[in-house]
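First up is the structure itself, then whatever we jot down about it.
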Amino acid sequence: MSSARPDGDRGIEVQRLRRLFRFFAATQCRGRSPVYETLSEGVADDDGLLDLLMSTPDEQRRPSLLFAAVNLLLASDAGSALADYYPIHGGRRPVDGRLVPTFAAFCARHRDELGRLLYSRSTQTNEIRRCVALRLGLAHVYRRWPGPLALTEVGASAGLNLLLDRYRYRVGDQETSSAAASPVTIACEVRGSVRTGQIFGPILEITHRLGIDRHPVNLADPGARAWLEAFVWPEQTGDLAVLRGAIDLAVSTADATVVPGDATTDTARLIGELPGREPVVVFTASLLSYLTADARAAFAAQLRQAAEHRPVAWVFAEAPGLVAATDPWLAGPAGPVAQRNSLFLVGAGLLGDGRREDALLALADPYLRWIAPARDETDDFQWLPASTDAD
Ligand SMILES: C[S@@+](CC[C@H](N)C(=O)[O-])C[C@H]1O[C@@H](n2cnc3c(N)ncnc32)[C@H](O)[C@@H]1O
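Taking full-length UniProt numbering, the leading residue of the sequence shown gets 1, the next gets one more, and so forth.
Here's what the structure looks like:
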């Protein structure tokens, strides 16, 4: 399991991990999870915990993976002292000076199981609030191509975003819903001066729903469900309830299929196998950060290849810098917005009839807790205070 490295390399890697955990604390956890913020800073300062990570493959050394692995083990060890800090496991203890030592002791006690999980598992989240970004993108696509659309998500995880019209929405001051009776409600704050009613239209007919993922989540497998739920953060009891509701809905409707496939090699073929001639919307959310620069270029080439046969719209919710670096031929933000990598850019690139049209539609929190729709097609979002990047 361990990767042998010369001491110098090891020291450099340990320093990188310290920075990574501190960055994670500051940009992802602050204001969102006091437990993970404290733990991220604690891991950065704890040689024993860093040593645990150093015994896993390089690409597995991710804060979210470590915390999910611990969370999974906690779900079946809810009587442990660490669970007292996790509201999702019934804990009520506020963060204090014992949290990090308690976490370190839990990791030491479960070192072998954690090592196995960190070695073999990959990040698996399915954040259905990102359906808000998808709806914004669809509204834009409908304005150009009114009528039925086929929907594909690449990096679809369990495929829960493909069921976007089965949820209720509370976005800004409006209930926008095509499924009033849905047991699942998605809530998202709207920032800026654009009214929700101006950005969302109805969801028209979706002819096919296809998810593509390197490691699809099989919701019929209780272990796979538990792993997906392990990515919910300690304080997010509401998110856990929403996720469980969406999973139950997906299992009972069985409307969306997620097939195994790689974004960089299988996208064009799988789109090509969809029946019909209607345009295909290809949604990605938090996919690009899993791809190298070459892989991002290969994915963009797959989209262009698919668009040779029928119109394709790439709707994305991704870090602006990664979108900009994916392929200059597709929607690349320029100027200040491209620097705001702790936020997500929501946009659409339409490819069809030999033409291309790109639009930047919004900036948003990566988990779509809030969205700031563009005021017009040239908006550079300078009006959105820089302090929002880390909130
Ligand atoms: C962070 S999750 C996001 C899932 C979903 N898009 C969402 O927003 O909730 C990233 C997903 O991308 C998948 N993935 C990563 N690299 C991939 C690749 N090269 N091809 C296809 N899927 C990939 C992962 O398996 C994972 O399910």
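Just so you know, even glycine gets a beta-carbon here, dropped at the ideal spot from N, CA and C.
**Prompt:** How is the beta strand (DSSP E) around residue 437 delimited, first residue to last?
**Reply:** Only positions 1 to 391 of the chain appear in this structure, which leaves residue 437 out of reach.
**Request:** Determine the DSSP secondary structure at Leu363, reduced to helix, strand or coil.
**Result:** For Leu363, the three-state secondary structure derived from DSSP is strand.
**Item:** Which listed residue (Asn161, Ala334, Thr123) has its alpha carbon closest to that of Val242
**Value:** Asn161
**Prompt:** At least one CB of chain B closer than 7 Å to the CB of Thr264: is that the case?
**Reply:** Any reference to chain B falls outside this structure, which holds one protein chain only.
**Request:** Might you give, ordered along the chain, the residues of its own chain that have their beta carbon closer than 6 Å to the beta carbon of Tyr86, omitting 5 neighbours on each side?
**Result:** Pro234
**Request:** Could you name the residues that DSSP lists as bridge partners for Cys188?
**Result:** Val171
**Asked** Would you say residue 399 touches ligand 1, meaning its beta carbon is less than 6 Å from a heavy atom?
**Response** Nothing about residue 399 can be reported from this structure: the residues present for the chain run from 1 to 391 only.
**Item:** Opening and closing residue of the beta strand (DSSP E) in which Pro373 lies
**Value:** 370-373
**Request:** Out of Thr378, Ala386, Glu357, Leu343, point me to the one whose CA is closest to Ala133's CA.
**Result:** Closest by alpha carbon: Leu343.
**Item:** Per-residue DSSP class, three states only, for Met1
**Value:** Bear in mind that the predicted position of Met1 carries a pLDDT of just 41, short of 50, making it unreliable; the figure below should be weighed with that in mind. Note: Met1 maps to coil in three-state DSSP.
**Prompt:** Quick one: any contact between the stretch 213-222 and the stretch 373-383, if contact means 3 or more CB pairs under 8 Å?
**Reply:** no
**Request:** Run the proximity test for Ala263: is its beta-carbon closer than 6 Å to any non-hydrogen atom belonging to ligand 1?
**Result:** yes
**Message:** So Leu204 and Leu361 are supposed to be a Cβ contact under 8 Å. How far apart are they, rounded?
**Reply:** Not a contact, Cβ separation roughly 18 Å.
**Request:** Classify Val346 as buried or exposed, calling it buried when 16 or more other Cβ atoms lie within 10 Å of its own Cβ.
**Result:** buried
**Message:** With three or more beta-carbon pairs closer than 8 Å as the criterion, would you say the stretch 94-107 touches the stretch 141-154?
**Reply:** With the cut-off at 8 Å, the stretch 94-107 and the stretch 141-154 do not touch.
**Message:** Given 6 Å as the limit, tell me if residue 392 has its C-beta closer than that to any heavy atom belonging to ligand 1.
**Reply:** Any answer about residue 392 is impossible in this case: the structure gives the chain only from 1 up to 391.
**Item:** Rounded C-alpha distance that separates Gln174 from Asp248
**Value:** 26 Å
**Assigned secondary structure, Phe106 (DSSP; H/G/I helix, E/B strand, else coil)** = helix
**Request:** Consider the C-beta atom of Arg214 and the heavy atoms of ligand 1; say whether any pair is separated by less than 6 Å.
**Result:** Distance from the C-beta of Arg214 to the nearest heavy atom of ligand 1 is below 6 Å.
**Message:** Measuring straight from C-alpha to C-alpha, what distance separates Met1 and Arg209?
**Reply:** With a pLDDT of 41 at Met1, under the threshold of 50, the predicted position of this residue should be treated as unreliable, though the coordinate-derived value follows. About 39 Å.
**Nearest-angstrom Cα separation, counted from Val312 out to Ser76** = 45 Å
**Request:** Pick helix, strand or coil for Pro260, following the three-state DSSP scheme.
**Result:** strand
**Request:** Could you tell me which of Thr284, Arg310, Leu240 sits nearest to Glu273, measuring between CA atoms?
**Result:** Arg310
**Same chain, Cβ closer than 7 Å to Ile199, neighbours up to 5 away in sequence not counted** = Result list for Ile199: Leu136, Ala139, Pro373, in chain order.
**Message:** For Ala268 and Leu74, what's the separation of their Cα atoms in angstroms?
**Reply:** 41 Å
**CB of Cys188 within 7 Å of CB of Arg129, strictly** = Taking 7 Å as the cut-off, the Cβ atoms of Cys188 and Arg129 count as close.
**Item:** Inter-residue spacing [alpha-carbon to alpha-carbon] between Asp239 and Gly90
**Value:** 14 Å
**Prompt:** Is it true that the CB of Ala104 sits closer than 7 Å to the CB of Leu52?
**Reply:** Cβ distance not < 7 Å, so Leu52 and Ala104 don't count as in contact.
**Message:** Can you determine whether any heavy atom of ligand 1 sits closer than 6 Å to the C-beta of Leu287, and answer yes or no?
**Reply:** Inclusion of Leu287 in the 6 Å shell around ligand 1 follows from its C-beta lying nearer than that to a non-hydrogen atom of the ligand.
**Asked** Counting along the chain, where does the alpha helix (DSSP H) carrying Phe316 start and finish?
**Response** Note, Phe316: premise wrong, no alpha helix (DSSP H); beta strand (DSSP E) at 312-318.
**Cβ-Cβ distance between Glu127 and Phe283 below 7 Å** = Taking 7 Å as the cut-off, the Cβ atoms of Glu127 and Phe283 do not count as close.
**Prompt:** Does DSSP put Asp358 in a helix, a strand or coil?
**Reply:** Judged by DSSP in its simplified three-state form, Asp358 adopts strand.
**Request:** Work out the CA separation of Thr207 and Gly276 for me, nearest whole Å.
**Result:** 9 Å
**Prompt:** Per DSSP, Val281 is paired with what?
**Reply:** Leu151, Ala313
**Item:** Backbone CA spacing between Val217 and Leu66 [nearest angstrom]
**Value:** 19 Å
**Asked** Opposite Ala348 in the DSSP bridges: which residues?
**Response** Val315, Ala359
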